[in-house]
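Novice:
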Amino acid sequence: MEEIWYRDLSDQELWSRLIDGDEGALAFIYDTWFASLYKYGMKIQADSCLIKDCIHDLFTSLWHSRQHLSVTDSIKFYLFASLKRNIVKNTRAEGIFRLFKQEPAQQEMHMPSYEERLISQQSNDERNRKLAKVIDQLPRRQKEILYLRYYEGLSTQETADIMSLSVNSTYVLLSKAINYLKNHSGELMTLVAIWGNSQKGF
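Residue 6 is where the sequence shown starts when you use the working numbering, and the numbers rise one by one after that.
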């Protein structure tokens, strides 16, 4: 019941609870975002122990410095930006990005037959394998910008802030990455299979 109550709060209200010393709010934010933070961190630095330590340090810092936090209307953006700073601070070498992994597809309203599922899975696997191979050829920064903008659904401004870029530079980098995919993946629509309900456009 308590978790449902926290879930009903807006980001700004939940963050305000944290600032006011609500341990339940901190625990809810941790439980909600740990998995996403870990996945993002592993695309920056492929060191599981380091990423977990950085995430735990992030939440410890949030709690101890909560009275000095400013109100935010996007907890996701704040956490992603803070985690990246922690990783950069705690590693001497640049992170090695892993290939994007497709999230489990949402279950269909109807139950497809075994044959339909098999054909669909084989088709998706082949398409995603080809796209993953193309993505792996992108420079690290282009991989990161695609991940933040489309996989995590952050706005262009939020993506720019996390990557320490101007909005214009973000547009340019996004365009380069997407144009490369257009020219080498056969069809850009394969992105939809990877990022599902991502925001449309830049």
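Note that beta-carbon positions come from the ideal geometry of N, C-alpha and C, so glycine has one too.
Can you name, in chain order, every residue of its own chain whose Cβ lies under 7 Å from the Cβ of F82, other than the five neighbours on each side?
Specialist: L159 and E163
Novice: Any beta carbon of chain B sitting closer than 8 Å to that of D141?
Specialist: You won't find chain B in this structure, because it holds only one protein chain.
Novice: Mind checking Q112: buried by the 16 CB within 10 Å criterion, or exposed?
Specialist: Because Q112 carries a pLDDT of 41, less than 50, the predicted location of this residue cannot be relied on, and no value is offered for it.
Novice: State yes or no: is the C-beta of A165 nearer than 7 Å to some heavy atom of the ligand SAM?
Specialist: As far as ligands go, the structure on display features none, and thus does not contain the ligand SAM.
Novice: Considering only their Cβ atoms, is the gap separating A182 from Q147 smaller than 8 Å?
Specialist: yes
Novice: From which residue to which residue does the alpha helix (DSSP H) around V93 run?
Specialist: I80 to N95
Novice: Distance check for N184 and L3, CA to CA, integer angstroms please.
Specialist: With the chain running from 6 to 207 in the structure shown, residue 3 is simply not present.
Novice: Taking only three categories from DSSP, how would you classify E18?
Specialist: The three-state secondary structure of E18, taken from DSSP, is helix.
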